[in-house]
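See structure below.
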Amino acid sequence: MKQLQSKNNWEILLNKELEKIVDSLKQKYRPDKIILFGSAHDGNIREWSDLDLVIIKKTDKRFYDRISEVSRLIPHRVPVDLLIYTPEEFASMMRNNYFIRDEIVAKGKIIYAR
């Protein structure tokens with residue numbers, strides 16, 4: 011019973027943090043699209059689950075610089091994994107990368123689109 015309570019509390023916290031993160035991203039980073047994937051989306055949440063997000067935005071910044079910038083912009087009390095692509099990079103990855111196509115595109119959920 012205690013493990014179930016812990017899981018439910020973690021799920022509630024993940025959902026609250028996701029809402030804060032999306033609001034912050036919309037205001038401060040202005041992405042074109044945000045996709046949630048992984049356990050927080052598919053309902054397989056455990057006590058160690060994190061938020062897995064793909065953020066798509068037109069930018070000239072390098073991949074790792076984007077992640078660093080967004081990590082500083084978002085408040086979070088839970089682990090967050092970020093993948094930040096330009097629209098062109100994401101389109102190419104959908105054609106050439108099984109993980110992107112089979113996990114993120116097929117199973118993920120667009121939680122924000124401009």
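Quick note: to get my numbering, add 10 to the position in the sequence shown (first position is 1). Glycine included, C-beta positions come from ideal geometry on N, C-alpha and C. Here the structure is a predicted model, which means the values were calculated and not measured.
Your pair Leu-63 and Leu-92 checks out as a contact, with CB atoms roughly 6 Å apart and the cut at 8 Å.
Per DSSP, reduced to three states, the secondary structure at Lys-119 is strand. Within a 10 Å sphere around the beta-carbon of Leu-28 sit 16 or more other beta-carbons, which makes this residue buried. With the rule of 3 Cβ pairs closer than 8 Å, the region 73 to 91 does not count as touching the region 102 to 113. When only Cα atoms are considered, Arg-111 and Leu-61 end up about 19 Å apart. The region 32 to 74 contains, as complete alpha helix (DSSP H) runs of 4+ residues, the segments 49 to 52 (chain order). The beta-carbon distance between Lys-119 and Leu-46, rounded to whole angstroms, is 5 Å. This is short enough to meet the 8 Å contact definition. Annotation: the continuous alpha helix (DSSP H) that includes Pro-97 extends over 97 to 106.
With 16 or more neighbouring CB atoms inside 10 Å of its own CB, Lys-67 falls in the buried class.
Between Ile-31 and Val-115, the beta carbon gap of about 21 Å keeps them out of contact (Cβ cut-off 8 Å).
Beta-bridge partners assigned by DSSP to Asp-91: Asp-62.
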